[in-house]
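Q:
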Amino acid sequence: MASEKEASEESALEETALEETVVGLLKKKKMTLSLAESCTGGAVAADIVNVPGASEVFMCGYVTYTNRAKRKCLGVKKSTLKKEGAVSAKCAGQMAKGGAKAAKTDVCLSVTGLAGPGGGTEETPVGTVFMGCYCAGKTTVREFHFEGDRKSIRDQAVDQALTFICDRLRKYDR
1 MASEKEASEE
11 SALEETALEE
21 TVVGLLKKKK
31 MTLSLAESCT
41 GGAVAADIVN
51 VPGASEVFMC
61 GYVTYTNRAK
71 RKCLGVKKST
81 LKKEGAVSAK
91 CAGQMAKGGA
101 KAAKTDVCLS
111 VTGLAGPGGG
121 TEETPVGTVF
131 MGCYCAGKTT
141 VREFHFEGDR
151 KSIRDQAVDQ
161 ALTFICDRLR
171 KYDR
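Set out below in structure tokens:
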């Protein structure tokens, strides 16, 4: 059971902006973060570095917009990109794990998807986004379907990415 002090700290974190909560949780758990972004183009990293003191926990961000960059920077397998595609659960998982390995961080969140307006298919429509979160040895992947124009889809993906990191950090006991 959480102490009164821990409950108060948790309540304070919930009242702050998502990026402030992420940085606060990372500091509290003494963990480091890297990011591997594709369709969000570094927007998650931009939100994180807006937080004073983020440099204590945020090591680096990779913007791997092309398949080649995903392979070279993050170690995504060529076979994954060929068989599953860049917008897939498998790719998101490999991006997260590869980003953590390359940056030597405890946590890495990846984002890959289709922001549109073109590029979608019936199987993978515009607004499909996969996120992977590597946290201390375990990778969790989630699939999202956002609606709206390109900017709206990217904005929703950024908010969901920050929420995803918070969820994973809250579940991790260190």
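Each step along the sequence shown adds one to the number in the UniProt record's numbering, with nothing skipped, and position 155 is 155. Heads up, the beta-carbon is just placed ideally off N, CA and C, and yes, glycines get one too. This structure is a prediction, so every number in the text was calculated from the model and none was measured.
#1: Helix, strand or coil for C135? Go by DSSP, reduced to three states.
#2: My understanding is that K70 touches V76, with C-beta atoms under 8 angstroms, so please give their C-beta distance in whole angstroms.
#3: For T21, which three-state DSSP category applies?
#4: Which of the three DSSP states is assigned to C39 in this structure?
#5: Quick one: any contact between the region 150-158 and the region 102-110, if contact means 3 or more CB pairs under 8 angstroms?
#6: How would you write the range of the beta strand (DSSP E) that T112 sits in, first residue to last?
#7: Can you tell me whether DSSP reads S88 as helix, strand or coil?
#8: Does DSSP classify residue 208 as helix, strand or coil?
A: Working from what's here:
#1: strand
#2: 4 angstroms
#3: helix
#4: coil
#5: no
#6: 107-113
#7: coil
#8: Residue 208 is absent from the model: the chain starts at 1 and stops at 174.
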